[in-house]
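Chemist:
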């Protein structure tokens with residue numbers, strides 16, 4: 001913090017300062033009372049509503065620059081801080097405020113033969129760094145999760161949203177101060193210099209974990225270079241397996257939703273596996289739905305006679321399709337002998353993200369849940385449900401495709417750790 | 001696995017083969033039934049007892065080589081597979097067999113507004129690699145924890161214990177086979193070539209986590225070079241803080257045990273902090289105990305008038321002492337103003353391993369538990385209790401000084417992960 005007006009504020013120096021401030025704030029965030037945290041979250045919701053107009057003005061600067069830079073229209077749209085987006089963010093803060101506070105909770109306390117009582121206390125991890133792109137509302141999601149979980153955070157949003165993010169971060173810090181919490185509990189990286197990211201991910205003395213949200217390239221780059229743990233979200237190659245026996249109506253509805261409700265999310269189904277015994281009853285109906293919605297079907301040879309669609313919408317599947325995340329109106333389809341082959345296919349080609357079975361067979365359901373090695377395993381439900389809000393986590397900081405620490409949608413709990421608590425009456429070890 | 005008798009078996013090729021075999025075994029280990037796992041563990045206990053004599057012979061080879069190589073006597077002693085050590089290992093297996101099986105357990109299942117029910121299932125991590133030194137009984141501890149937790153593991157013991165480890169691993173594989181489990185569920189690296197370690201820690205396609213047990217140098221090197229997560233155990237700079245008010249008798253007994261019951265474990269206390277208000281009542285008595293046991297006291301100036309001991313046993317403390325892990329009959333002693341200063345000192349100089357307060361003040365106890373940022377925090381108990389067995393974990397694969405994933409003593413649970421389970425009746429996302 002030896003910055004004077006004479007020394008230029010380099011990215012290295014800026015990040016060093018943010019790191020020190022975050023570390024200092026973290027110990028105060030960790031012991032914040034339940035009511036302080038709830039108060040900060042409710043105040044933030046109120047500030048977002050009060051400043052909706054002003055935020056539009058800040059956002060407008062980002063939008064104009066984006067258009068001037070020739071950003072594609074969908075990207076510009078993701079940048080937009082519509083009043084509805086701000087209202088959703090405000091409601092998210094209020095929901096988090098209303099949820100039970102899990103910090104300090106002691107679980108499993110029991111007495112052991114020596115007489116000591118041992119349990120585990122849930123505590124914040126410390127400081128997390130978040131790296132994300134475009135959508136400025138992620139600033140509020142991350143900040144509100146940091147407050148609720150008692151962590152400090154350093155946020156690095158996309159350069160295209162810098163004015164919006166600065167305005168939002170200022171409101172967050174105002175809310176923190178009003179609740180008697182340290183304003184450095186949530187800090188936005190004020191520079192768009194890319195060098196700052198390199199420093200953020202390499203400060204183990206200040207930052208305990210990095211959460212990147214963005215494309216595969218970004219996440220792989222960060223994982224490779226980070227000197228601290230990274231909560232990674234790689235591909236979502238999700239499967240729906242239509243089992244024999246199953247309710248064919250349900251299978252059509254669930255598969256339709258899993259593929260077509262939205263094409264771009266990571267939890268959309270990319271591969272449909274169908275048990276041979278139900279293929280003739282299920283596939284023609286399913287294909288009709290896909291044909292009507294313009295979904296391209298990439299099919300194995302035995303599937304082809306069972307599906308009808310305009311010529312352009314059907315083509316032979318290739319080996320590479322089984323491990324491709326389309327994020328588009330495309331689905332690969334395979335007939336399998338039954339449950340064993342389905343599980344084998346999923347564990348081999350999938351990305352361990354989210355996979356579902358549609359079945360009426362209890363034992364098949366149990367085996368699928370147990371043996372499919374994915375972060376979310378589902379019976380008779382659409383893969384699209386794999387989401388922090390749908391799972392009741394209150395909010396989601398990301399989805400982990402790792403097995404270590406947190407797996408699947410990561411909410412408040414994923415930002416915490418358990419420490420052992422030992423209560424004695426003077427016991428010593430023999 | 002293209003090894004023929006013509007191609008030499010390089011460390012790279014050996015580790016590739018072990019990795020593939022472990023990965024294949026892992027999916028079978030993960031779905032092993034409770035009774036299969038218990039049966040394997042009980043059989044292993046029985047085999048250890050039946051082969052106690054034969055194991056002595058194998059162990060003798062290691063001992064003779066160690067002596068010939070001029071290994072220091074304490075090191076040779078750690079190598080020794082005494083019948084008592086084998087009996088303890090056998091009992092450990094039986095205890096694990098008798099413990100509840102947590103794999104497949106679903107927690108927190110609840111219905112959400114969409115109608116889906118969501119919970120979390122405890123599942124094995126997959127494959128862990130363990131790197132350890134000297135004591136061959138660690139082979140049995142690691143193998144039994146792998147079996148109980150449904151993981152596969154690759155064990156790399158110290159080269160000085162290779163014959164003992166090979167004999168023990170053969171018994172483990174016999175026990176696995178007898179229970180209908182894959183023998184590759186537990187594999188020992190058969191070569192002592194150091195290059196093998198480099199491969200083991202850099203196979204993310206086969207190995208999910210690495211657990212090193214050994215000196216700081218080993219652990220830092222592995223953490224730096226590993227391409228997968230590492231459960232790290234760095235320093236144990238543990239504190240006992242004697243608070244005002246406290247039971248002075250208890251404070252003397254607990255501090256004595258924390259420092260002198262054994263000097264070499266990581267959970268032995270290295271620094272004693274004493275509240276000013278109890279210093280005059282506590283320190284002379286405590287110093288008398290340390291003086292009698294030959295413990296060197298490194299003291300701040302205000303401590304010196306309160307302690308009496310032979311001249312050689314008292315010297316002024318230096319700044320570096322506060323962050324030194326002695327693992328020896330040495331203790332640093334400081335008088336602090338009270339709880340705030342004690343917590344600040346511990347969080348600043350400690351290693352976030354294990355710290356204890358001796359106090360009669362309820363509010364101080366609660367603040368200490370909450371605010372000291374360590375893996376184990378204790379009230380009125382000896383820091384020496386920080387141990388998987390003492391905590392009732394059944395066994396301990398290591399102690400984590402990280403906050404990510406597992407913290408503190410790591411038992412079966414630390415070798416598992418939680419996956420989301422979603423049960424529906426055809427729900428789709430709106």
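Protein chains in written order, with the UniProt record's numbering: chain B, 1 to 430; chain R, 1 to 430.
Idealized CB from N, CA, C, for every residue including glycine.
1) Check whether the Cβ of residue 382 of chain B lies closer than 8 Å to any Cβ atom in chain R.
2) Along chain R, which residues have their Cβ under 8 Å away from the Cβ of residue 297 of chain B?
3) Less than 8 Å separating the beta-carbons of residue 149 of chain R and residue 369 of chain R?
4) Skipping 5 residues on each side, what residues in its chain have a beta carbon closer than 6 Å to that of residue 52 of chain R?
5) Along the beta strand (DSSP E) that carries residue 429 of chain R, what are the first and last residues, could you check?
6) Hey, residue 238 of chain R and residue 278 of chain R: beta-carbon distance below 8 Å or not?
7) Grab me the residues of residue 29 of chain R's own chain with a C-beta within less than 8 Å of its C-beta, minus the 5 sequence neighbours each way, in chain order.
8) Which residues of chain B have a Cβ atom closer than 9 Å to the Cβ of residue 261 of chain R, listed in chain order?
9) Whose C-beta lies closer than 8 Å to the C-beta of residue 232 of chain R among residues of the same chain, with five residues either side of it excluded?
10) Using the beta-carbon of each residue, which ones in chain R are nearer than 7 Å to residue 250 of chain B?
11) Could you work out which residues of chain B lie near residue 247 of chain R, taking near to mean beta carbons separated by less than 9 Å?
12) Can you give me the Cβ contacts of residue 423 of chain R inside the same chain, cut-off strictly under 6 Å, excluding the 5 residues immediately before and after it?
13) Counting along the chain, where does the alpha helix (DSSP H) carrying residue 93 of chain R start and finish?
14) Return the residues of the segment 192-224 of chain R that lie within a Cβ-Cβ distance of less than 7 Å from chain B, sorted by chain order.
15) 8 Å is my cut-off, CB to CB: does residue 278 of chain R come that close to chain C?
16) Report the residue from B/331, B/315 and B/252 whose alpha carbon sits nearest the alpha carbon of residue 263 of chain B.
17) Taking the continuous beta strand (DSSP E) assigned at residue 79 of chain R, which residues delimit it?
18) Should residue 57 of chain R go down as buried or exposed, given a rule of 16 or more other Cβ atoms within 10 Å for buried?
19) Can you name, in chain order, every residue of its own chain whose Cβ lies under 6 Å from the Cβ of residue 349 of chain B, other than the five neighbours on each side?
20) Is residue 382 of chain B closer than 8 Å to residue 428 of chain R when the C-beta atoms are compared?
21) Is residue 391 of chain B helix, strand or coil by DSSP?
22) By DSSP, does residue 17 of chain R sit in helix, in strand, or in coil?
23) How big is the Cα-Cα spacing for residue 50 of chain R and residue 272 of chain R?
24) Residues of chain R with CB closer than 7 Å to the CB of residue 375 of chain B, please, in chain order.
25) Closer than 9 Å by beta-carbon distance: list the chain R residues that pair up with residue 241 of chain B, in chain order.
26) Counting Cβ pairs, one atom from each stretch, are 3 or more of them under 8 Å apart for the segment 8-26 of chain R and the segment 159-169 of chain R?
27) Is there at least one Cβ from chain R nearer than 8 Å to residue 110 of chain B's Cβ?
28) Could you confirm whether any beta carbon from chain B is found closer than 8 Å to the beta carbon of residue 116 of chain R?
29) Once you ignore the five residues that flank residue 229 of chain B on each side, which residues in its own chain have a CB closer than 6 Å to its CB?
30) Pull up the distance between the alpha-carbon of residue 334 of chain B and that of residue 94 of chain B, whole angstroms please.
31) Excluding the 5 residues preceding and the 5 following residue 313 of chain R in the sequence, name in chain order all residues of the same chain whose CB lies nearer than 8 Å to its CB.
32) What does residue 403 of chain B reach in chain R if we use C-beta pairs closer than 7 Å?
33) At the 8 Å Cβ level, is residue 289 of chain R part of the contact set with chain B, yes or no?
34) Compute the Euclidean distance between the alpha carbons of residue 258 of chain R and residue 194 of chain B, then round it to the nearest angstrom.
35) Can you check whether the C-beta of residue 131 of chain B is within less than 8 Å of a C-beta belonging to chain R?
36) To which residues of the same chain is residue 260 of chain R closer than 6 Å at the C-beta, ignoring the five residues directly before and after it?
Modeler: With the structure as the only source:
1) Answer yes: the Cβ-Cβ gap between residue 382 of chain B and chain R drops below 8 Å somewhere.
2) Per Cβ cutoff of 8 Å: no residues; residue 297 of chain B is ~20 Å from chain R at best.
3) No, they are not a contact pair.
4) For residue 52 of chain R, where only same-chain residues beyond five positions count, the Cβ hits under 6 Å are 83 and 86.
5) No beta strand (DSSP E) holds residue 429 of chain R; DSSP gives it neither H nor E.
6) At least 8 Å separates the beta-carbon of residue 238 of chain R from that of residue 278 of chain R.
7) Apart from the 5 residues on each side of it in sequence, residue 29 of chain R sits with its Cβ closer than 8 Å to the Cβ of 124, 146, 147, 150, 151, 152, 181, 182 and 185 in its chain, given in chain order.
8) Ordered by position in chain B, the residues that pass the 9 Å Cβ test against residue 261 of chain R are 428, 429 and 430.
9) Excluding residues up to 5 positions away in sequence, 212, 219, 223, 400, 401 and 402 lie with their Cβ nearer than 8 Å to the Cβ of residue 232 of chain R in the same chain.
10) Neighbours of residue 250 of chain B on chain R, chain order: 426.
11) For residue 247 of chain R, the neighbours in chain B by C-beta distance under 9 Å run, in chain order, 426.
12) If you ignore the 5 residues before and after residue 423 of chain R, its C-beta comes within less than 6 Å of the C-beta of 117, all in its own chain and listed in chain order.
13) Run containing residue 93 of chain R: 83-98, per the alpha helix (DSSP H) assignment.
14) For the segment 192-224 of chain R, the set of residues with a beta-carbon nearer than 7 Å to any beta-carbon of chain B comprises 208 and 209, in chain order.
15) Absence of chain C from the displayed structure is noted, the protein chains being B and R.
16) Checked all of B/331, B/315 and B/252; the closest Cα to residue 263 of chain B is B/331.
17) Note, residue 79 of chain R: premise wrong, no beta strand (DSSP E); alpha helix (DSSP H) at 73-79.
18) The residue is exposed, with fewer than 16 neighbouring Cβ atoms inside 10 Å.
19) Only 322 and 323 meet the Cβ criterion.
20) Their beta carbons are under 8 Å apart, which means residue 428 of chain R touches residue 382 of chain B by this criterion.
21) Taken through DSSP and simplified to helix, strand or coil, residue 391 of chain B comes out as coil.
22) DSSP, reduced to helix, strand and coil, places residue 17 of chain R within a helical segment of the structure shown.
23) The straight-line gap from Cα to Cα measures roughly 47 Å.
24) Identification of chain R residues near residue 375 of chain B by a Cβ-Cβ cut-off of 7 Å yields 419 and 420, ordered along the chain.
25) Near residue 241 of chain B there are no residues of chain R at all, since even the closest Cβ is about 14 Å away, more than 9 Å.
26) Contact between the segment 8-26 of chain R and the segment 159-169 of chain R is absent, because fewer than three Cβ pairs lie under 8 Å.
27) Interface residue, yes.
28) For residue 116 of chain R, the answer is yes, since a Cβ of chain B falls inside 8 Å of its Cβ.
29) Cβ within range, chain order: 209.
30) Going from the Cα of residue 334 of chain B to the Cα of residue 94 of chain B covers about 45 Å.
31) Excluding residues within five positions, the ones whose Cβ falls inside 8 Å are 290, 291, 294, 295, 296 and 297.
32) Per Cβ cutoff of 7 Å: 125, 126, 208 and 417.
33) Answer no: the Cβ-Cβ gap between residue 289 of chain R and chain B never drops below 8 Å.
34) Between the alpha carbons of residue 258 of chain R and residue 194 of chain B lies a gap of roughly 49 Å.
35) Contact of residue 131 of chain B with chain R is not assigned, every C-beta pair being separated by 8 Å or more.
36) Result list for residue 260 of chain R: 293, in chain order.
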